[in-house]
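Here is the structure we will look at.
2 protein chains.
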Amino acid sequence: MTTTSSITIAVLGSGRVGSTLATGLAAAGHEVTLGVRNPGTAQHDVLASDVATAIETSDLIVNATPGDTTLERLVGRRDALAGKVLLDVSNATVLSTDGLPGGLLYPDVSLGELLQDALPDTKVVKTLNTMLFSVMTAPGNLTTPPTAFVSGDDVDAKRLVRTVLQDLGWDDDWILDLGGISTARGTEAMALMVPSLLGALGFVPFALTVAR
Amino acid sequence: MTTTSSITIAVLGSGRVGSTLATGLAAAGHEVTLGVRNPGTAQHDVLASDVATAIETSDLIVNATPGDTTLERLVGRRDALAGKVLLDVSNATVLSTDGLPGGLLYPDVSLGELLQDALPDTKVVKTLNTMLFSVMTAPGNLTTPPTAFVSGDDVDAKRLVRTVLQDLGWDDDWILDLGGISTARGTEAMALMVPSLLGALGFVPFALTVAR
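Line by line, the protein sequences are chains Z and U.
1372 is the number of the first residue of the first sequence in our numbering; add one for each residue after it.
1372 is the number of the first residue of the second sequence in our numbering; add one for each residue after it.
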């Protein structure tokens, strides 16, 4: 399945999303470092280090921090992130009292665009933000093909992300390049589907997808 | 395919969406009246009459008017719509200069909820608002199964809509009841995907769908 040579990848965020991606990317043969605030305080399946070291030693940075905290976490790391590809899987939502997305934190724009604006020397690519975390590294387990929507301004960065997605099990036909980073407005808005989908389906793997 | 007895249905809106639905519902054996502002000025595939007559003579009203005009069109018809089911397929978007959805007209709520609030004696059901119009009456033509998301507060109204969807070719497994009308916030937000999907895919039949 591996179509690329090994890439150095930092995964920021050690919640379910980050842990799943770090494990899956390492299993695909990449050199993964989990960037966490306090390395050593918890057991991880992959190497963990502080965030600065993880970024410094990696070419591809995966943002799996909560989307409503991402800007404040990453804007100060502009120099460290320069020249790197930032694969952003997060959604910036306002949580309801039940802990589920109740609205969009940036309804007139997208977190993807705000990140690209704040990090002009970094190549931001948005993808994998329209599914339950477990699908990100196991898309073939669904009964119908899912879609990985991809948004980003840099063609080379999107090509790299596409090969990484393929390493995670994404068939090339399931990867849909929507265009520039502004198209993340559409995929981020789909986060508003999550509460009702979980209510209707239960906590099962799902991916918002385009049937054609 | 017809699982219900014939229903009297008014379709409001004679654009591509309304025309497609009116023709498809008539072909499924229902008594369809297209409600238009100026009956007789254009050729239609089904009976056309003025909007008031179409509503008066029908049990199920399909709203296929442009979503950014729907509230002003329907709020004044509150008495005529009382006791009826309103199947709303519209999306209320702010159009960009290219004529495609550039934002949501009601970003903090949904048109479905605003209609239900304005028409308390009408049973509002939102569905079919997440696909190209041609898929609404030909869902089986896609290569993978699409989803018809359904939102509404009234269980009986949603049951009626489900049977009408089945008459249009929707497999029962493809119809997903999301819950109350407030869940239309999620499906309406997916309208923001339309410009980039048309850009990426071209003008081909598509439906935003949940893979699981």
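Even glycine gets a Cβ: it sits at the ideal position worked out from N, Cα and C.
query: In this structure, does DSSP put U/N1434 in helix, strand or coil?; result: strand
query: With DSSP as the reference, identify every bridge partner of U/G1315, one or two as the case may be.; result: The question about residue 1315 of chain U has no answer here: the residues shown for chain U are numbered 1372 through 1583.
query: Please list, in chain order, the chain Z residues whose beta carbon lies closer than 8 Å to that of U/F1574.; result: Result: empty, since nearest Cβ-Cβ is about 11 Å, beyond 8 Å.
query: Can you give, in chain order, each stretch of the alpha helix (DSSP H) that sits fully within the stretch 1471-1547 of chain Z and has at least 4 residues?; result: 1482-1489, 1504-1507 and 1526-1538
query: Anything in chain A within Cβ reach of U/R1583, meaning under 7 Å, just list it in chain order.; result: Considering every chain present, this structure includes no chain A. Its protein chains are Z and U.
query: Let's see if you can read the secondary structure: which residues bound the beta strand (DSSP E) around Z/V1465?; result: T1464 to L1466
query: Using CA atoms only, rank isn't needed, just tell me which of Z/L1482, Z/S1522, Z/L1572 and Z/L1490 is closest to Z/P1498.; result: Here residue 1498 of chain Z turns out to be Thr, not Pro, going by the sequence shown. Measuring from the Cα of Z/T1498, the nearest candidate turns out to be Z/S1522.
query: DSSP has Z/A1419 in a bridge; who is on the other side?; result: Z/L1405
query: Does any residue of chain Z bring its CB to less than 8 Å from the CB of U/R1556?; result: yes
query: What number of angstroms, rounded off, separates the C-alpha of Z/D1450 from the C-alpha of Z/L1458?; result: 17 Å
query: Since Z/D1479 meets chain U, which of its residues come closer than 9 Å, beta carbon to beta carbon?; result: G1474 and P1478
query: Listed in chain order, which residues of the stretch 1533-1555 of chain Z have Cβ atoms closer than 7 Å to some Cβ of chain U?; result: L1547, D1548, L1549, G1550 and T1554
query: In the DSSP output, which residue or residues are listed as bridge partners for Z/I1380?; result: Z/V1403 and Z/L1431
query: So, is the C-beta of Z/T1580 closer than 8 Å to a C-beta in chain U?; result: yes
query: I want to see whether chain Z comes within less than 8 Å of U/L1418, judged by CB atoms only; does it?; result: no
query: Between Z/G1406, Z/G1474 and Z/G1400, which has its C-alpha nearest Z/S1390's C-alpha?; result: Z/G1406
query: At a cut of 8 Å, does the stretch 1486-1493 of chain U reach the stretch 1438-1457 of chain U through at least three beta carbon pairs?; result: yes
query: Quick check on DSSP: helix, strand or coil for U/A1453?; result: coil
query: Compare the C-beta of Z/L1486 with all C-beta atoms of chain U and state if any pair is closer than 8 Å.; result: no
query: Should U/G1438 and U/T1468 be called a contact, given that it needs their Cβ atoms to be closer than 8 Å?; result: no
query: Between U/V1506 and Z/F1577, is the Cβ-Cβ spacing less than 8 Å?; result: no
query: If you drop the 5 nearest sequence neighbours on each side, which residues of the same chain put their C-beta closer than 8 Å to that of Z/T1373?; result: Summary for Z/T1373: the model assigns pLDDT 46, below 50, so the residue's position carries little reliability; its value from the coordinates is reported in the next sentence. Correct list, in chain order: A1399, G1400 and D1538.
query: So is Z/S1567 in contact with chain U if we call contact Cβ pairs under 8 Å?; result: yes
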